Structure formats: C-alpha cells, structure tokens
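Remarks on the structure that follows.
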Amino acid sequence: MRIDLNEIQNWIVQHSRILDLGCGDGTLLKFLIEHKQVQGYGLEIDSDQINTCIDKGLNVIEQNLDRGLGNFADKSFDTVIMAQALQTLHFPHLVLDEMLRVGKECIVTFPNFGHWKARFHLLSHGRMPISDLLPYEWYNTPNIHFCTFKDFEVLCKERNIKVIHRQVVNESSQSVFKDIVPNLFGETAIYHLSK
Amino acid sequence: MPDVIPANSVGIVSPQTLHFTHPLLLACGKTLDEYQIVYETYGELNAAKSNAVLICHALSGHHHAAGYHSLEDKRPGWWDAYIGPGKPIDTNKFFVVSLNNLGGCHGSTGPRSINPTTGKVWGADFPMIRVRDWVASQAKLADVLGIESWAAVVGGSLGGMQVMRWALQYPTRIRHAIVIASALKLSAQNIAFNEAARKAITSDPEFYDGNYLEHESLPKSGLAIARMIGHITYLSDYAMGEKFGRDLRSGNFNLGSAEPIEFQIESYLRYQGDSFANSFDANSYLRITKALDYFDLAREYDDDPVLAFKQAKAKFLVVSFSTDWRFAPQRSREIVDALVGANKAVTYAEIESKFGHDAFLLPDERYQQVFSRYMAGVSI
Chain G
6 MRIDLNEIQN WIVQHSRILD LGCGDGTLLK FLIEHKQVQG YGLEIDSDQI NTCIDKGLNV
66 IEQNLDRGLG NFADKSFDTV IMAQALQTLH FPHLVLDEML RVGKECIVTF PNFGHWKARF
126 HLLSHGRMPI SDLLPYEWYN TPNIHFCTFK DFEVLCKERN IKVIHRQVVN ESSQSVFKDI
186 VPNLFGETAI YHLSK
Chain P
23 MPDVIPANSV GIVSPQTLHF THPLLLACGK TLDEYQIVYE TYGELNAAKS NAVLICHALS
83 GHHHAAGYHS LEDKRPGWWD AYIGPGKPID TNKFFVVSLN NLGGCHGSTG PRSINPTTGK
143 VWGADFPMIR VRDWVASQAK LADVLGIESW AAVVGGSLGG MQVMRWALQY PTRIRHAIVI
203 ASALKLSAQN IAFNEAARKA ITSDPEFYDG NYLEHESLPK SGLAIARMIG HITYLSDYAM
263 GEKFGRDLRS GNFNLGSAEP IEFQIESYLR YQGDSFANSF DANSYLRITK ALDYFDLARE
323 YDDDPVLAFK QAKAKFLVVS FSTDWRFAPQ RSREIVDALV GANKAVTYAE IESKFGHDAF
383 LLPDERYQQV FSRYMAGVSI
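In structure tokens form, the structure reads like this:
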C-alpha cells in the first residue's frame with residue numbers, strides 16, 4: 006500500500022462511516038473495511054478504476070468531485086478522505102470546505118511542490134519539475150493546482166480549519182531532515198483536519 | 023433469423039404458463055380472483071435454489087427476454103445482449119426468470135383476458151394495476167418456483183421501479199437490486215408525455231371507451247401515435263440525427279416539384295407506431311402508463327427516499343446513461359444519494375452513451391463491463 010495510505014489508517018476509528026474522494030482502485034477503502042470494519046463509499050470518475058472497485062465488491066459511486074458534494078448531507082460521514090487528489094481539482098479550497106461540511110473530520114494528502122528536488126529542477130533547468138511521483142509534462146498533467154506545505158498551512162489558517170494532525174512521509178528516501186524542514190525535504194503531506 | 027444459434031445465446035426457448043387460483047388483492051382495492059402468468063426461464067436452478075435472477079420488464083416489454091422461439095424468429099428476446107452464457111447475466115451461473123406482467127397483453131392476465139365473473143373480455147373493466155401489484159404477483163411466481171430469495175432482481179426503466187419496490191416490499195427475498203435507467207418517481211414532464219400518449223388513444227373513434235373488442239374494432243391510429251410520442255422520448259437528439267438526419271425517403275425540394283416530401287424519420291416513426299399498434303393492447307398501454315405515473319417510492323415514507331430505503335436489505339447497482347433525457351442521470355443520482363443516506367451498499371455507474379433512454383437495451387462495452395463485473399460478485 007502507498008505510504009500515505011498506510012498512515013491514514015492510523016487516524017480512522019473502528020466502525021466509522023467513511024467517504025473516500027477519488028478512491029482510485031479502492032486499495033485504502035478495502036483495507037479500512039477489512040481492518041477497521043468501516044462502512045465506506047468511494048467516489049471515482051475513472052472507468053477502469055471503477056471496474057477494479059466493482060471487482061473488489063466496494064461501494065463505488067461515479068461522481069466528479071469538481072461538481073461538489075452537494076448531494077451529501079451535513080456531517081453525514083465520520084471522516085472524508087482525499088488522497089493525492091487535491092491538486093487535480095479546479096477549486097481545491099471549495100472542495101475542502103465541502104469535505105468539512107459533509108464529514109466531522111477529514112484527511113487530505115497531497116504532494117509537496119516545495120520539495121527540494123522540485124525547487125532544484127526549476128532552478129537549474131528553468132522548466133517545470135518532472136519526478137517519479139509526478140511524471141507529467143505541464144500541458145498534460147492532471148495536477149493543475151500545486152501547492153507547498155506552507156501554502157496549505159496558510160489556506161487552513163485563512164479558512165479557520167483546525168489541524169488535528171500533520172505528518173510528512175517520503176516514499177523514496179527516509180530523509181532525516183523531513184521532520185525538521187518538512188517544506189524542503191517532505192514529499193507527501195498528510196493532514197487530519199476539522200472545522 | 024440466425025443461420026445458426028450463436029454460442030452465447032440461450033438458444034431456443036419456450037414460454038410457460040402458471041395459473042393462480044388464490045385471489046390477489048390489488049392496491050386499487052379490487053381483487054383478481056384468478057390469473058395466469060406467462061414466463062420464460064434460462065439456465066438451471068441449482069439444488070439450493072439460490073441462483074435465481076428475476077427480470078422485470080419495462081413499458082412495452084414482455085417475458086421473451088432472451089433466445090429465440092424458433093429458427094424463423096427475426097430477432098432474439100428484447101434483452102438478449104445481456105442474458106446468456108458468458109453475458110452479464112450469465113446463464114452458466116444464474117437461473118433467470120422473465121415474466122409478462124399482469125395487465126399486459128402477451129399472455130399474462132390483462133385487459134384482453136376473459137373476466138371469469140362475466141365470461142366476457144375484461145376490456146375497460148380490467149382493474150388499475152400498480153407497481154406493487156406486479157411485485158406481489160412476481161413473489162407468488164417465486165413461491166411456486168420454490169425461490170425463497172432472488173440472487174438479484176434486475177430491471178431497466180419501469181423495470182427498475184419494480185426492482186426498488188421489491189427491495190422495500192420483500193426485503194429478505196432480494197439480495198441484489200439492479201436498477202438501470204430508472205427513477206424514484208416520474209417528473210411532471212414524464213407524466214405529460216404519458217398523458218399525451220393516453221389522449222391519443224382515448225380520442226381515437228375506434229376506442230369505444232375501452233370496449234373496442236366488443237365493437238370488433240381497434241384504436242390502432244391512437245395507439246400508433248402514443249407509441250410515436252413514447253419512441254421520441256426514448257431516443258436522443260444525437261441518435262435520431264445520426265440515424266436519419268434530414269434524409270428524404272421520397273420527394274425532393276426542386277422548384278416546381280409537386281411530389282410530396284417524406285423525411286426518413288417520419289417514415290420510421292410511422293413504422294414503429296404501426297407495428298406497435300398491431301402487437302400491443304390499448305387498455306394495457308393506458309394501465310401501464312398510469313402505473314408509471316403513480317409510482318412514487320417514497321410516498322408512504324414521508325416523501326423521504328432515505329427513510330424508504332432504510333427498509334431495504336439488498337445491495338444495489340444503479341446505472342444511468344449520459345444522453346437519457348427520459349430518466350436522466352440526475353434521477354439515478356437521487357436513488358444513489360438516498361441509498362447512501364440510508365447507509366445501504368450501492369455502486370453507481372454513469373455510462374457515456376449516444377442512444378438516450380434506449381441505451382439500456384443496446385450493447386455497450388462499458389455498460390457490459392460494469393454489469394458483468396457486478397454480477398460476477400453476486401454470490402449464489
């Protein structure tokens with residue numbers, strides 16, 4: 006399981022009701038159902054991913070996150086999760102508001118564009134960074150709203166969002182500096198939020 | 023007519039008839055003292071009788087859903103693309119039951135049957151039938167077949183409404199509910215189209231207040247117009263444009279030409295209307311469209327579909343089609359939202375299709391994938 010998904014499960018309460026936005030192939034949802042006995046629903050738009058979720062017997066619902074979560078009632082889920090999808094949305098801040106309306110808590114993970122490799126790439130090549138984690142050209146990337154950890158912290162402050170936990174994980178190298186200077190050495194951020 | 027029966031066909035099938043002599047109390051308060059149901063089955067019922075799938079048909083459907091009645095048949099059953107060996111409803115795994123609903127005109131008791139109390143054709147006196155009556159009669163059929171619970175109940179459009187009703191009316195007798203291109207209730211626009219269709223029938227001078235058979239006549243032109251109106255709503259603007267465009271069947275626009283002009287779409291719709299008028303009963307059409315209009319899953323649950331679905335125990339698959347404007351994807355999303363609100367298991371797919379409401383009957387790769395994969399997970 007991807008490292009950010011592995012961390013997320015620590016913050017999920019047994020038997021809770023979960024909504025996973027952009028649930029992909031359903032790995033996390035299936036894990037949470039098996040290990041935390043959650044009642045879970047996943048939203049996804051990719052037809053191949055939806056097929057894989059159906060194979061796993063998951064509750065997968067075809068829904069475009071950019072159309073909002075208006076169809077879900079206030080506080081109708083214990084936790085709303087969105088792993089590695091924030092940067093693909095047209096209006097990430099609005100979806101974040103919606104997540105905190107629909108869920109009592111939410112968990113968000115996203116790639117850190119302030120990582121030293123990204124900074125170095127832009128500085129030395131003068132071109133948009135391409136990495137193993139983000140292997141796209143600027144024109145065909147699904148990732149249209151990049152941010153750094155600091156950017157996200159500012160957004161939370163501006164919108165009065167409470168950070169319950171924050172964690173930084175690195176898939177490739179376990180940098181000892183990531184906990185000291187996360188915005189420079191952290192690859193993926195995991196935020197546990199409430200309003 | 024197939025030269026050979028395709029390997030993935032259920033092959034040659036023949037309808038069966040069951041007579042019921044226990045009275046069926048209908049939602050309208052009237053009782054059918056006795057009735058018969060015509061049905062077909064495909065595949066084998068297993069020893070545990072746990073692999074049965076019920077097919078619920080839509081407005082103009084009937085029991086002949088798959089296979090051929092004879093090698094002379096021009097076309098297989100109406101849902102042959104989805105029922106058969108290796109198809110989404112795989113007859114190697116499932117025992118499929120497909121019936122003609124009460125009030126119809128393909129063999130089950132309906133307005134053309136004899137009213138046992140009068141010895142005459144029911145005609146206009148045949149009682150109003152509601153979706154819940156169909157479901158009740160389907161449950162009686164299941165009793166006779168020894169099927170305690172369906173592995174799945176499946177239906178598109180009006181068939182999907184029966185599936186949802188099943189989930190509330192007999193929650194322990196349905197394990198999976200597959201609701202395709204359907205809605206919790208009709209919109210005002212849907213009812214309006216139905217009323218225009220009914221008005222076409224009842225204003226046909228051959229209608230005789232529904233007792234046309236006594237007068238040895240048939241309101242064919244009214245029924246044909248009704249079908250034309252319905253048919254327009256089943257297709258998308260795109261599908262019609264693609265198939266017919268502004269092509270002419272006869273005549274031309276040359277100056278001085280007095281030859282009457284006929285567009286291909288006109289001729290097509292007329293053909294559809296006429297062939298339907300020859301095979302369907304006007305009183306059945308009136309009753310079935312009324313059943314559609316009256317259906318409202320949440321009516322007796324405070325108009326709250328979440329409260330309604332709290333009764334359900336089945337797992338749901340809901341499917342809609344992008345260009346369906348008769349039962350638009352939004353109608354299916356309402357079903358899904360209510361199921362999520364009721365904390366029920368649900369999978370939802372919105373299939374990109376050009377073919378409007380009719381798409382639920384037509385072969386489509388993604389639709390077949392979603393359907394097959396879901397059915398593969400239905401345990402028997």
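Chains as they are written, first to last, in our numbering: chain G, 6 to 200; chain P, 23 to 402.
Beta carbons are placed, not taken as given, at the ideal position from N, Cα and C, and that holds for glycine.
If you're wondering where the values come from, they're calculated on a predicted model, not measured in any experiment.
- When C-alpha distances from P/I287 are compared across P/D259, P/I402, P/S179, the shortest belongs to P/D259.
- Unbroken beta strand (DSSP E) runs of no fewer than 3 residues, entirely contained in the region 167-210 of chain P, are found at 174-178, 198-202, following chain order.
- Rounded to the nearest whole angstrom, the C-alpha separation of G/L101 and G/Y46 is 18 angstroms.
- Excluding sequence positions up to five before and after P/F229, its CB lies within less than 7 angstroms of the CB of I223, P241, G244, A304, all in the same chain and listed in chain order.
- In this structure P/P37 is not in contact with P/G182, their Cβ atoms being roughly 23 angstroms apart against a cut-off of 8 angstroms.
- One thing to note: P/A173 has its Cβ no nearer than 7 angstroms to the Cβ of P/V32.
- Residue contact with chain G for P/V368: present (Cβ-Cβ distance below 7 angstroms to some residue of chain G).
- Excluding the 5 residues flanking it on each side, G/E67 has same chain C-beta neighbours closer than 7 angstroms at E49, I50, I55, in chain order.
- According to the DSSP assignment, P/E62 belongs to the beta strand (DSSP E) that extends over 57-64.
- Taken in chain order, the unbroken stretches of alpha helix (DSSP H) that lie wholly in the region 13-94 of chain G and span 4 residues or more are 32-41, 52-60.
- Going by beta carbons, G/V174 and G/T153 fall outside the 7 angstroms limit.
- DSSP links P/C78 through a beta bridge to P/G177.
- With 16 or more other Cβ atoms inside 10 Å of its own Cβ, P/H86 counts as buried.
- Each of G/G62, G/K41, G/S21, G/K162 was checked against the Cα of P/G399, and the nearest Cα belongs to G/G62.
- Distances from the CA of P/M397 to each of P/N73, P/L48, P/T39 were compared; the closest alpha carbon is that of P/N73.
- For the pair G/H20 and G/I112, the CB atoms are not nearer than the 7 angstroms cut-off.
- Judged by their CB atoms, G/G191 and G/K183 are nearer to each other than the 7 angstroms cut-off.
- P/D165 and P/L40 have their C-alpha atoms spaced approximately 12 angstroms apart.
- Residues of the same chain with a CB within less than 8 angstroms of the CB of P/F266, apart from the 5 flanking positions on each side, are F285, Q286, I287, Y290 in chain order.
- CA-CA distance, G/L74 to P/T131, rounds to 47 angstroms.
- Contacts with chain P (Cβ-Cβ distance below 8 angstroms) from the region 45-64 of chain G involve Y46, S52, I55, N56, C58, I59, D60, G62, L63, N64, listed in chain order.
- In this chain, the beta strand (DSSP E) harbouring P/L270 covers 270-272.
- Among the residues facing chain P, G/E67 is included, as its CB has a counterpart in that chain under 7 angstroms away.
- Of all residues in the region 348-368 of chain P, only R355, V358, D359, V362, G363, N365, A367, V368 place a beta-carbon less than 8 angstroms from a beta-carbon of chain G.
- Taking 9 angstroms as the cut-off between beta carbons, the residues of the region 73-84 of chain G near chain P are N76, F77, A78, S81, in sequence order.
- Within 7 angstroms of the CB of P/Y396, the CB atoms of chain G belong to I59, in sequence order along the chain.
- From the listed residues P/G295, P/I283, P/G273, the smallest Cα separation to P/G252 is found for P/G295.
- Going by DSSP, G/H170 is part of the beta strand (DSSP E) stretching over 167-174.
- In the assembly as shown, P/H379 is a buried residue. Its beta-carbon has 16 or more other beta-carbons within 10 Å.
- Three or more beta-carbon pairs separated by less than 8 angstroms are not found between the region 46-53 of chain P and the region 94-108 of chain P, which leaves the two stretches without contact.
- P/V368 sits away from P/F393, with the two beta carbons spaced by 7 angstroms or more.
- Taking 8 angstroms as the upper bound for CB-CB distance, P/I59 and P/L163 are in contact here, some 6 angstroms apart.
- Near chain G, meaning a CB-to-CB distance below 7 angstroms, the residues of the region 376-395 of chain P are R388, Q391, V392, R395.
- Residue contact check for P/G182 against chain G: no CB pair falls below 7 angstroms.
- The Cβ of P/E372 sits closer than 7 angstroms to at least one Cβ of chain G.
- Considering only P/K115, P/P98, P/F343, the residue with the shortest C-alpha distance to P/A69 is P/K115.
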